[in-house]
Structure formats: structure tokens, C-alpha cells
Amino acid sequence: MRRPAVITLHAVFILSGISALIFQAGWQRVLSLNAGMDLFSVTTVVAAFMLGLGVGSLAGGWLADRLSSVAAVRAYAAAELVIGLFGLSSVWILYELYPRLAPWFPGTFGAFALHFLALLVPTVLMGATLPLLARGVVERAEETGPLVGRLYAVNTVGAALGALAMSGGWVLGRVGLDGSIRAAASLNLVCAVLAFVVLRASHGQAPEAAVEDAPRPRAFLIAVYGATGFACLGLEIVWFRLLNVVGLSSTYTFSRLLFLYLVGLGAGAALGSRLARRVKSATNAFFTLQLAIAFLALAGPFVVVSSATRYGAEPWFRDGVAPLLVLLAPTILMGMGFPLMQHLLGSSLSRLGRTTGLLLFANTLGCVAGSLCAGFLLLDRLGTPVTLCIFGGVLAAVGATGLLKEREPGATARTLVGLAIFIVAVVALPRGLGFWGPLHERPIDEVHEDGACLTALGPRENARHLYISGEIQNGVPFDEFHVRLGLVPMVLHPSPKRVLVIGLGAGSTAYAVALDPRVETIDCVEICPGEATLLKRLAASGSAELAQLFADPRLRLHFTDGRKYLLEHPDQRWDAIVTDTLLTQWSHSGSLYSQEFYRLARSRLADDGLFAQWEPSPRVYRTLASVFPDTHVVHAPHLDNNSPRVMVATQKPLPMDLAAFTERLDRTNHASVPLAMQAQLRTFFSTAQAWPETYHLAFPPDQLNRDLFPRDEYGNW
673 MRRPAVITLH AVFILSGISA LIFQAGWQRV LSLNAGMDLF SVTTVVAAFM
723 LGLGVGSLAG GWLADRLSSV AAVRAYAAAE LVIGLFGLSS VWILYELYPR
773 LAPWFPGTFG AFALHFLALL VPTVLMGATL PLLARGVVER AEETGPLVGR
823 LYAVNTVGAA LGALAMSGGW VLGRVGLDGS IRAAASLNLV CAVLAFVVLR
873 ASHGQAPEAA VEDAPRPRAF LIAVYGATGF ACLGLEIVWF RLLNVVGLSS
923 TYTFSRLLFL YLVGLGAGAA LGSRLARRVK SATNAFFTLQ LAIAFLALAG
973 PFVVVSSATR YGAEPWFRDG VAPLLVLLAP TILMGMGFPL MQHLLGSSLS
1023 RLGRTTGLLL FANTLGCVAG SLCAGFLLLD RLGTPVTLCI FGGVLAAVGA
1073 TGLLKEREPG ATARTLVGLA IFIVAVVALP RGLGFWGPLH ERPIDEVHED
1123 GACLTALGPR ENARHLYISG EIQNGVPFDE FHVRLGLVPM VLHPSPKRVL
1173 VIGLGAGSTA YAVALDPRVE TIDCVEICPG EATLLKRLAA SGSAELAQLF
1223 ADPRLRLHFT DGRKYLLEHP DQRWDAIVTD TLLTQWSHSG SLYSQEFYRL
1273 ARSRLADDGL FAQWEPSPRV YRTLASVFPD THVVHAPHLD NNSPRVMVAT
1323 QKPLPMDLAA FTERLDRTNH ASVPLAMQAQ LRTFFSTAQA WPETYHLAFP
1373 PDQLNRDLFP RDEYGNW
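According to the working numbering, the stretch in the sequence shown is residues 673 to 1389, in order.
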């Protein structure tokens, strides 16, 4: 092909990368609405998506070697067309059809199988695009490493732009999740059209170059690239956990970090494409890179932790310098590895597709294993610093083994120096509180890690406060508002026997529910198991409130996603459902503030059931009021306007009987709470008012929070 055609296909592949990243982020979010946001659900979605890409790479490589360059580009265009068409219908498939099929796929392995099948067509085709396009662009064997590396680079840069599009309200805040997915599908259709146009313009040009036979690629190098995928994906997970604590977490945090990560990979691939044919030994360069990445994987976090005590409170450090220190240098070196490896293996056009596909398949399979190992095993048992050292150690071992195996001049000395530097980094990296303490804005003295969350406890204003991913929550002794949040639905309900609390937090809301002796069972759902672990330690060390809560035989803890728990228990009915959940700007909080969630909660209430939640915004109130026939804000005149209000929604009119409220309060065990709080609660219930849904101005129906467009989470644009 002529140069303009090749340049056009590179531009097309950028658009394809943008679309693929939007699809990945969008589909994962859509699936989470029914599959849940707990560790097992998220990991199965990511693993299924990546496995599909790997299978596609393998199949696309096999097909590419059986096609001419023109036919390969034609197949690439057809793949983009089908991906785009699937994208247009994907929301219906993953949001509407998925819950009908889910009961047929029980358990974690069943969920993985369903996710894999649901995403099979688009992910396999996405994985096939690079081998197909490489076959269409590469004309001479010596161009394999540089050109394929360049295609990989531009596609990765495109993915970075897709992450940028998903990292702020300028896209999601304007068109929502479904609008973003439709836009991505449109990009794929544009890619298909442009590829077909290039084919038409190139028709009848120079004949195919003859291809020569070549030996099969070395299994050792393929296995090595799989091992680097294992380590690099594991490092990504660990780095993102670290930076999620360093920065102020929001729904866009992950996308912003992913943007920087992909920029590094893309820049590295572009640099590696230029160096592939210029370095004296691509083998030596590749394995030396692995030793360097192993050191940098630990060096960046070490510098951030060491600097956090002095600069940790500064926004420019938390949201700017820290991500750059952790991500940029190692990801650039990671990106350089692909074109170098492609250059080492792709010496023949006759096996170009299979070599490229096999390389990508091995790397992707390693990524799947790395994500499963980090999420299910290492973080839960060993914590972030040790997990960081293990994944860095894998890369150090790969680099050292490769250098020694190749036996090139100076390899032994280079290996010993690299390993020595890495060992120094391992020894220097802090552990436990020494690692996490400086990264919290306020002092902490206990920390617990599991695959789902990082949880910590620390002193503040004569209390012990809970931290989740670095963000402060409520504390112990309990504050009056969170106790009131649990008591309001109990006092308002004439006979609450079965209660569901979504969100354990510091335990205050569940504790308040348990004060009512009429309650027979309390199901408390929490997505972060570490909260209960730390709170039970606190109970054992002298917290009377927590000791009372965890000793209560009526309490049943369930560690999973709250919405998922409701979906998995369609036959249960509760007299009251109380949610004490995230701020609206936190990631995935919209799934607990949407119309669809409130409909789900209403369907799980008994006929005289009651739903209660704090009021984070007027839009949330109006969204709740659009689902329940009777919705009020329960407030008291003596409270100032800055005190959070409690929303109460019922299926039948709610009588405001102050005498009955006071009588029910007297029958609770509220005498166990501090005297000052007792007085506050008595004043509240003796003067409580319920403001009806006219309390807030109306929002048009299309401005309410929906599953696919949680406006409060994405920003009021």
C-alpha cells in the first residue's frame, strides 16, 4: 500500500482504540448493575473481557496468515463493522437480557462463563484486529517489529484517549453511559467505512510480496511475554490501589489513572518501534528492560510514600505528581517491550499473523492470571507492599533468566547489578502502617487489606474514625445523625421485624436498628469485609457500642454488593430497608441512587414496608419520590440546616403521630446510648416533621438519576 493508505489505517486504529476502551469501561459498568461491584463480580468481568481478547488474537493471527494483505484489511474492516453493530445493541444485551440468563449460571465460575459468552463476539473481534491489520500493512520482513509496534502504539494511544473521554463529566455528564457506548459503536462503524475506502483506493496497486518459510517462534520467548503480562497487570492493580488512596477518589479516578497508564504504554511502544532495528541486541534490550521495570515498580511508590508526609495534603502532589512518579517511567518501559519482542519473533511474513496473535494471546492470558492472583490471593493475604515486591520479583526473575540464558557479553554483570538494586528497593519499601500511614491525610494506627478494599482506623477528636480507601467515614463513639438514621425507620414503623441495612460503615446505623427489641433479624450487607474485621478488634478493645452490636444474635453480616444481594434474594421481604452508603460523587454510587435501584428496593419490601436513606441531594430525593407513592423528608425544627436529613419512603401514607413515636422510642434500648444523645433523640422524635415531595422543585423525568445515566455521580452538566 502507498504511504497515505498506511497512514489512514494508523488513524483508523487510533479510533478503534478509543472505541475499545469506552466499550470496556462502559460494558463493565453496565454488567456491574446486575452482576454486582464486589471483588468476585468485577474480577470475573475483567477476566472474561481479556480472555476474549486473547482468543481473538490467536484466531486473528491464524486467519491473517491465510489471507492476502488486501483480504486481511477487508477482514479487519468487517470486524470493525460487526463490533460497531454489536455495540449499538450491547446495552440491551448486557442490561436487559443478562438478568434473564443469570439464574442459569450460578456461582463465580458460572458468572465468569456468562460474562465470557456475553462479550465473546466483540472481544474476539477486537483481539483479531491487530494481527489482521499487521498482515495488511507489513510488506517486508524487516519491517515487522517497527510497523507492528507502531500499530500497537497508536491503538494504545487511542485507548488512552478513550480513557480521557471517560475521565470527566464532559462526556459521561452530557450523554450518560448508554450515549457513550453508542458513540463508541459509531466510531467502529467509521473505522469500517474508512478501511473499505482505503481498500478501494489501493485496488490494483503493487502485487503481493513473496513470503518465505520461517521457523516457528521460540516457546521460551512466548512464555516470557506471558509472564510479563502476568506481572504488569498485577502491578497495574496494585498501583491503582495505592493511587486511589493517595488521591481524592471519585467516579473518574480510575479513568484518569488509566489514561496516564496507557499514555506511558503507547509512548513506550512508539519508542520501542524506532529502537527495534537500531539496538545491537533486541534480546539483551528486552531482558534488561524487565530488570529496570522491576526496580521502577517499587521505586515510584517508595518516593510517593516518603514524600507524602511533607506534601501529601497538597492537591498538586496527590492528583498530579504522585501518579506520574508511580506510573509513567515503568509503563514507558513496558510499552517498549512489545515491538522488541515482535522484532525478535517476527522475522517472516509467512508467520506474521500467527506470531503476533500468539504473542498477544500469551500476554493476555498472563494478564488474566495476574488479575486473578492479585485480587483473589495476594492482596487479601499479603497486602499491597508485599504484592508489589512479588510482581516486581517476577519481572526481575524474567530479566535475570533471559540475560543469563542468552549468554551475551556482560550479561552476568548486568544481571547481578540489576538484582542487587531490586533487592535494595524491596528492603527499603515500607510495610503495613509505615506504607499506608503517610498516605492518609490524618493519622491512622490500624489498617486492614483484602482484595476488595483498604480499611483503616485512626484517632480524631476523642473518637476512632473509619477510613475506606483513604476517605474518612463516621466514627466510634457513634454520632447522633447515624444513630438517628437507623432509629427513624424503626420508630416510624409500627412493627419492624425483619430489617435490611445496606452499608455497615462504622456500625452506627445497624447498631441503632438493633436498639429496637421488636426487630427479629437484621441483615447487614457490606462490600468491604475489612470493616467488620477492624470493628470487631475495636469491640474487643473496649468499645461498648460495637461489642453490643456484634454480640447481638439477630445480626447477620453479608459481604457482597448491596444491590446484588437484593437481586439474588427475590423471594425475601423486609419490613424496612435502610441504606447508609456512599457520597454521590464516589465511583459506582449511582447504582444505589437510581430509579431502578429504588424500584428493586420497593419490590423487596413488605406491604407496609419502609425505605429510609439520608438525603445527599435534591435530585436523589426527587428520584426516590418518583418510585414510592409516599415520600417525605423527616426533619426536626431544632436541627440546623447543615444537618443531613433522612428520607423515608413508603407504599402507604405515613402518619406523623408524635405521641406514637415517643412511645416507640421509650420501648427501645436507647438507654444504652450516651445521655446527651438520648436527649437529642427524644427532642427529635417529639418535634419531628415530614415534609412532602413538594419540598424540592420538580425535576423533569429525563433529569432524574437512572442506572445508565446517574447524573449526580457523573456531575450536573
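Where a beta carbon is used, it is the ideal one built from N, C-alpha and C, also for glycine.
None of the values given here were measured: they were computed from a predicted structure.
query, result
"As assigned by DSSP and simplified to three states, the class of M1319", "strand"
"Where L1126 sits in the DSSP three-state scheme", "strand"
"N1377 versus V869 - alpha carbon distance", "42 Å"
"Coil, strand or helix - G1147 by DSSP", "strand"
"Three-way DSSP call (helix, strand, coil) for Q1350 in this model", "helix"
"Cβ separation of G732 and G799, assumed to be a contact under 8 Å, to the nearest whole Å", "6 Å"
"Cut-off 6 Å between Cβ atoms - residues of its own chain near I755, not counting five sequence neighbours on either side", "P794, L797, N860"
"Own chain residues within Cβ distance below 7 Å of M1013, not counting five before or after", "L893, Y897, F958, L1031"
"Separation of V1148 from V910, as counted between CA atoms", "30 Å"
"Own chain partners of R990 with C-beta closer than 6 Å, once the 5 adjacent residues on each side are dropped", "V918, G919"
"Candidates Y1139, L786, E1143, A1186, of which the one nearest M1162 by Cα", "A1186"
"G1175, buried or exposed, once every other Cβ within 10 Å from all chains shown has been counted against 16", "buried"
"Counted within 10 angstroms of its Cβ, other Cβ atoms place D1117 as buried (16 or more) or exposed", "exposed"
"In DSSP terms, what P1131 is bridged to", "R1136"
"N1134 versus V826, F1150, H1120, G1142, residue with shortest Cα-Cα distance", "F1150"
"Buried versus exposed, by CB contacts within 10 Å (16 or more), I1004", "buried"
"Per-residue burial, A878 [other beta carbons within 10 Å of its own, 16 or more giving buried]", "Summary for A878: the model assigns pLDDT 47, below 50, so the residue's position carries little reliability; its value from the coordinates is reported in the next sentence. With fewer than 16 Cβ atoms within 10 Å of its Cβ, A878 is classed as exposed."
"Status (buried if at least 16 other CB within 10 Å, exposed otherwise) for R1053", "exposed"
"Span of the alpha helix (DSSP H), counted from its first residue to its last, around F758", "741–763"
"Residue nearest to G1109 in terms of C-alpha spacing, selected from R1245, V763, Y1139", "Y1139"
"Per DSSP, the bridge partner or partners of C1196", "V1173, L1229"
"Three-way DSSP call (helix, strand, coil) for D1338 in this model", "helix"
"Length-filtered (3 minimum) beta strand (DSSP E) runs lying within the stretch 1048–1132", "1118–1121, 1126–1132"
"Beta-carbon contacts of A744 that lie in its chain and below 6 Å, excluding the five residues immediately before and after", "A736, L804, R807, G808"
"Cutoff 7 Å; reference L1091; Cβ partners in own chain excluding five residues on either side", "A1068, A1072"
"Contact belief for K1208 with F1231 at Cβ below 8 Å, rounded distance in angstroms", "So it is not a contact: roughly 13 Å between Cβ atoms."
"Pick from N1146, Y770, C1125 that is closest to T1056, judged by C-alpha positions", "C1125"
"Cβ neighbours of L934 in the same chain (closer than 7 Å, five flanking residues each side left out)", "T828, A831, A832, A835"
"For T1181: DSSP bridge partner residues", "DSSP output for T1181 lists no bridge partner at all."
"Limits of the beta strand (DSSP E) - the one that V1250 falls within", "1246–1251"
"Check whether H1015 and G817 have beta carbons under 8 Å apart", "yes"
"Alpha-carbon spacing of D1247 relative to L1164, whole angstroms", "11 Å"
"Beta-carbon contacts of G851 that lie in its chain and below 7 Å, excluding the five residues immediately before and after", "none"
"Per-residue DSSP class, three states only, for H1241", "coil"
"6 Å CB neighbourhood of G848 in its chain, flanking five on each side removed", "L1380, F1381"
"Check whether R1226 and I1194 have beta carbons under 8 Å apart", "yes"
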